[in-house]
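J.:
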Amino acid sequence: MALWLSVALVLAAHGLESTESTSLLQHKIVLQGPSEAEPLTWIHFPKCGGSFINAIVHLPGFCPSLANVTLGGDCFEETFWPRCQNVCNQHKFSCSVSQHEIVGNYTAKRGRMVGFFRDPDQRILSAYHFQADTLQLHPCGVHRIPPPKPRTLQETAESVGGGMTYQLVSEYQFAPSMQPNFTSLTREDAAVAAQRVQEGFAFVGITEMWDLSICLFHKMFGGPCLASDFDDSNPSSAGKTAHADYNTSDLMGWHDDIDEVVYASALDVFHKNLILYKVSHSTCRECYRQAGRVNPRVA
Numbered sequence: 011m012a013l014w015l016s017v018a019l020v021l022a023a024h025g026l027e028s029t030e031s032t033s034l035l036q037h038k039i040v041l042q043g044p045s046e047a048e049p050l051t052w053i054h055f056p057k058c059g060g061s062f063i064n065a066i067v068h069l070p071g072f073c074p075s076l077a078n079v080t081l082g083g084d085c086f087e088e089t090f091w092p093r094c095q096n097v098c099n100q101h102k103f104s105c106s107v108s109q110h111e112i113v114g115n116y117t118a119k120r121g122r123m124v125g126f127f128r129d130p131d132q133r134i135l136s137a138y139h140f141q142a143d144t145l146q147l148h149p150c151g152v153h154r155i156p157p158p159k160p161r162t163l164q165e166t167a168e169s170v171g172g173g174m175t176y177q178l179v180s181e182y183q184f185a186p187s188m189q190p191n192f193t194s195l196t197r198e199d200a201a202v203a204a205q206r207v208q209e210g211f212a213f214v215g216i217t218e219m220w221d222l223s224i225c226l227f228h229k230m231f232g233g234p235c236l237a238s239d240f241d242d243s244n245p246s247s248a249g250k251t252a253h254a255d256y257n258t259s260d261l262m263g264w265h266d267d268i269d270e271v272v273y274a275s276a277l278d279v280f281h282k283n284l285i286l287y288k289v290s291h292s293t294c295r296e297c298y299r300q301a302g303r304v305n306p307r308v309a
């Protein structure tokens, strides 16, 4: 109840309400089948769950040659996207032009987007630890110039805060450089982004509720649940998962009040779909069994 109240309060504070468009889109998929949303376009927000690519490419008919391949590691996206069109069915999956695609032409992608959303402060903390522990050490074998020095947590927060909103509302085709700065984003931008989550996403997953999200994804789009769907193929640091929160006190009071609106909207859509598709840990037992998920994460 507290979660639902906080979501409603955040949306209301920005002049938003849970819209009927969400229900209309989802009921259309229920009635006409998942092909109604194809080709799927993955909007991948940094540190929200790159492992989701495995659940997508292993859907029946999507990327047949990858049926027995688990994508992962620090640099898999740098190598996967350039060959995506050669290994995936473009009628089912729209290959991105970059690993963190900007929505750009929203009208063309409306109703076909899928993605995971994460608590914005946790996303920033994850990005900070990923940068500190990984980016400086693994150049991926390609021309990647790391920052001249590791950014402080405050610099990371101020630099990448609002990133989900940016990807949802920017008209640019490509993401900004490794050291973006979204300080020009406004609450009006956040409201537009939140509306696009409500009306434009065929599937919304929540990183902190990964297991339930994966079960929902297969309930909506079919295909068996696989062990690779539940693996964290690229953790920020050894042993770290999104199920274990970072200590937000490290942010010293800083809060991403732009992306919090987007996250609240995503939570609203996610919980609506759990009800619509009758998805719960109890109804997901067969999915977990298929994937060998003995102890599913209960958020």
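Going by this note's numbering, the residue at position 250 of the sequence shown is 260; the numbering climbs one at a time, nothing skipped.
The C-beta atom is built at its ideal place from N, Cα and C for all residues, glycine as well.
Between the C-alpha atoms of Met262 and Phe140, what's the straight-line distance to the nearest angstrom?
T.: 19 Å
J.: Smallest Cα separation from Thr80: which of Ser61, Cys94, Ile39?
T.: It is Ser61.
J.: Express the C-alpha separation of Asp269 and Met174 in angstroms, rounding to a whole number.
T.: 6 Å
J.: Following the continuous beta strand (DSSP E) through Val124, name the residue where it begins and the one where it ends.
T.: 123-127
J.: Let me check one thing: in DSSP terms, what residues is Phe231 bridge-paired to?
T.: DSSP lists no partner for Phe231.
J.: Looking at the structure shown, is Val152 part of a helix, part of a strand, or coil, going by DSSP?
T.: Bear in mind that a pLDDT of 49 at Val152, under 50, signals an unreliable position, so the number given afterwards is only what the model happens to contain. Coil, per DSSP.
J.: Within this structure, are the beta carbons of Gln36 and Leu236 separated by less than 9 Å?
T.: One thing to note: Gln36 has its Cβ no nearer than 9 Å to the Cβ of Leu236.
J.: Just to confirm my understanding: we take Phe72, look at its own chain, exclude 5 residues before and 5 after, and list those with CB closer than 7 Å. What are they?
T.: Ile66, Cys98, Asn99, Lys102, Phe103
J.: Please return the same chain residues whose Cβ sits closer than 6 Å to the Cβ of Phe126, not counting the five positions on each side in sequence.
T.: Counting only Cβ-Cβ distances below 6 Å, and skipping sequence neighbours, we find Cys58, Gly59, Phe62, Gly215, Thr217.
J.: Is Arg133 near Asp221, with beta carbons less than 9 Å apart?
T.: no
J.: Work out the CA separation of Trp52 and Ala118 for me, nearest whole Å.
T.: 14 Å
J.: Is it true that the CB of Asn305 sits closer than 9 Å to the CB of Leu226?
T.: no
J.: Could you check the C-alpha separation between Glu296 and Phe280 for me, to the nearest Å?
T.: 21 Å
J.: I'd like the span of the beta strand (DSSP E) that includes Ala212, first residue to last.
T.: Start and end: 211-216.
J.: Assign Leu50 to one of three DSSP states: helix, strand, or coil.
T.: strand
J.: Taking all protein chains shown into account, decide if Gly210 is buried (16 or more other Cβ within 10 angstroms of its Cβ) or exposed.
T.: Counting the other Cβ atoms within 10 Å of the Cβ of Gly210 gives 16 or more, which makes it buried.
J.: Grouping DSSP H, G and I as helix and E and B as strand, with all else coil, what is Phe103?
T.: strand
J.: According to the neighbour-count rule (16 or more other Cβ atoms, all chains shown, within 10 Å of its Cβ), is Gln205 buried or exposed?
T.: buried
J.: If we require 4 or more residues per run, which alpha helix (DSSP H) segments fall completely within the segment 264-300?
T.: 269-286, 295-300
J.: What whole-angstrom Cβ distance do Leu69 and Gly172 have, given they're in contact under 8 Å?
T.: No, Leu69 and Gly172 are not in contact; Cβ-Cβ is about 31 Å, not under 8 Å.
J.: Report the rounded CA-to-CA distance for Gln177 versus Ile112, giving the unit in angstroms.
T.: If I take the Cα positions, the gap works out to 5 Å.
J.: If you check the beta carbons only, do Arg161 and Val271 fall under 9 Å apart?
T.: no
J.: Which same chain residues, not among the five before or five after Ser180, have their C-beta less than 8 Å away from its C-beta?
T.: Ile112, Val113, Gly114
J.: Out of Phe55, Ser223, Arg93, which one is the CA nearest neighbour of His291?
T.: Of the candidates Phe55, Ser223, Arg93, the one whose C-alpha sits nearest the C-alpha of His291 is Ser223.
J.: Looking at the unbroken alpha helix (DSSP H) that takes in Gly82, where does it start and where does it end?
T.: Premise fails: Gly82 is in no alpha helix (DSSP H) and is neither H nor E.
J.: In or out: Ser45 buried (at least 16 other Cβ within 10 Å) or exposed?
T.: exposed
J.: For the alpha helix (DSSP H) containing Lys119, list its first residue and its last residue.
T.: 116-119
J.: Helix or strand or just coil, what does DSSP make of Val179?
T.: Of the three classes helix, strand and coil, the one that applies to Val179 here is helix, per DSSP.
J.: Measure the Cβ-Cβ separation of Pro74 and Val170 and say whether it is below 9 Å.
T.: In this structure, Val170 does not lie closer than 9 Å to Pro74 by Cβ.
J.: Return the CA-CA distance between Asp131 and Ala254, expressed in angstroms with no decimal places.
T.: 13 Å
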